[in-house]
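*Asks:*
Numbering (the working numbering), first residue to last: 16 to 466.
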């Protein structure tokens, strides 16, 4: 088993931290060889609020995954989310020097780099620039402009912005836990990778990932991400409401929500009662399931209405922006009973629960196909995809060097090459870095210099 073929996804959530180790099997499915889970103590609404506690939780999850798999974890792919993430739309253009030359990757990179120079609010940094449609001269709605002629290259961009300090804090926690930050990706994008099909992304779909501290939204249309948003409410807010409304402790409120909770109040009768043990010899409390579902319904409705407002802001009600595939619900909060029916009732859109089991090997544990592991599976997929890309790049370099040796007229034999050929350096293929690669490198440099 080659260690470089293994990837690790680290999901730093508000409720739990998950470390998932996996590899691709012969059927190109993901085989999870180890998983570790720890209660997330130092994270609030997706943002690190206590560095020491977060480091301890990461180490606990990593140690558990290592002991299960027998593999030492070094590099991890991490997701970022949190209430500090926001997105905006921006249009920009460049005028090319020579309209007689075809548009290439360098032109697109120049255009993207120009967007990165946008002035943000103090303490904010652009973390993702996603091109939507391109426009070449007067020709609009172009998906792929490479290879076309034109003097003016224009594009609409979806720009994701976040707080620099929050992202650096996550980087600091990972480094202090003795891990290398291999890649950073947006959590809604990772979840989308795990639970959405290409057909849904083409038809138009809204992914709603309901976590403990935040609800993440990612909208796709024509195979392109169109809109992202992070709503600072999640499952924990529902638990808090139950705790306050029923005057019970948090642990009991969480258990009530999981075991008896329903998002649809009409489902329960007045006579259905659950008894909660009293504290330290006090009388037990009796709570009707109808009241419980009323409390849950009120808060869930608020969360869905916030998300639906974002979907409407994107332009779902226009003919061009209609989301034919409707809504996919994932994350731990998606397991709430009758949530799908309530979402369909409020939005008038089709909805389904998103399970990440499509990409997992058949003999995977049932718990892994739960919606609460969608982000971790998506991050693991991201890490494995990166390995495949790196292998392809190495293969290209090897093929190019072999071609060059053949061109010099030397046959491939077991004899040693003449010194003049041995000394000839093989020019390496220049690897085009994605912005997230550059961003991760910049974050690594910052953390190294901060020592």
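Note that beta-carbon positions come from the ideal geometry of N, C-alpha and C, so glycine has one too.
My understanding is that residue 398 touches residue 23, with C-beta atoms under 8 Å, so please give their C-beta distance in whole angstroms.
*Replies:* 6 Å
*Asks:* Kindly confirm or deny that the segment 222-241 and the segment 29-37 touch, where touching means at least three C-beta pairs closer than 8 Å.
*Replies:* yes
*Asks:* Judging by CA-CA distance, which residue of 101, 384, 414 and 298 is the nearest neighbour of residue 35?
*Replies:* Measuring from the Cα of residue 35, the nearest candidate turns out to be 384.
*Asks:* Between the Cα of residue 169 and those of 49, 134, 176 and 130, spot the shortest distance and give me the residue it belongs to.
*Replies:* 130
*Asks:* Just the C-alpha distance for residue 437 and residue 412, rounded to the nearest angstrom, thanks.
*Replies:* Caution is warranted here: a pLDDT of 47 is assigned to residue 437, below 50, making its placement in the model unreliable, and the coordinate value is therefore given only provisionally. Those two C-alpha atoms are separated by around 16 Å.
*Asks:* For residue 172, name the three-state secondary structure that DSSP assigns.
*Replies:* strand
*Asks:* Check whether the Cβ atoms of residue 95 and residue 177 lie closer than 8 Å to each other.
*Replies:* Against a cut-off of 8 Å, the Cβ pair of residue 177 and residue 95 comes out as a contact.
*Asks:* Please confirm whether residue 58 and residue 181 have their CB atoms less than 8 Å apart.
*Replies:* no
*Asks:* If you follow the alpha helix (DSSP H) that residue 71 is part of, which residue opens it and which one closes it?
*Replies:* 66-84
*Asks:* Leaving aside the five residues before and after residue 212 along the sequence, list all residues of the same chain whose C-beta is less than 8 Å from its C-beta, in chain order.
*Replies:* 373
*Asks:* Checking 8 Å against the spacing of the C-beta atoms, do residue 394 and residue 200 come in under that value?
*Replies:* yes
*Asks:* Output the residue ranges of the beta strand (DSSP E) runs that lie fully inside the segment 118-195 and measure 3 residues or longer, sorted by chain position.
*Replies:* 139-151, 154-157 and 167-178
*Asks:* Which of the three DSSP states is assigned to residue 364 in this structure?
*Replies:* Here residue 364 sits in coil by DSSP.
*Asks:* Which same chain residues end up closer than 8 Å to residue 309 when comparing Cβ atoms and leaving out the 5 residues on each side of it in sequence?
*Replies:* So the list reads 280, once near-sequence residues are dropped.
*Asks:* What did DSSP end up calling residue 29 once you bin it into helix, strand or coil?
*Replies:* coil
*Asks:* Residues in its own chain within less than 8 Å of residue 157 by CB, not counting five upstream and five downstream?
*Replies:* 148, 149, 150, 151 and 163
*Asks:* How long is the line joining the alpha carbons of residue 370 and residue 120, rounded to whole angstroms?
*Replies:* When rounded, the distance between both Cα atoms is 36 Å.
*Asks:* Taking the alpha-carbon of residue 300 as reference, which of 290, 306 and 144 has the nearest alpha-carbon?
*Replies:* 290
*Asks:* Taking the alpha carbon of residue 104 as the reference point, which residue from 328, 379 and 387 has its own alpha carbon closest?
*Replies:* 328
*Asks:* Would you check whether the ligand GDP has a heavy atom nearer than 7 Å to the C-beta of residue 368?
*Replies:* Ligands are entirely absent from the displayed structure, and the ligand GDP is therefore not among its contents.
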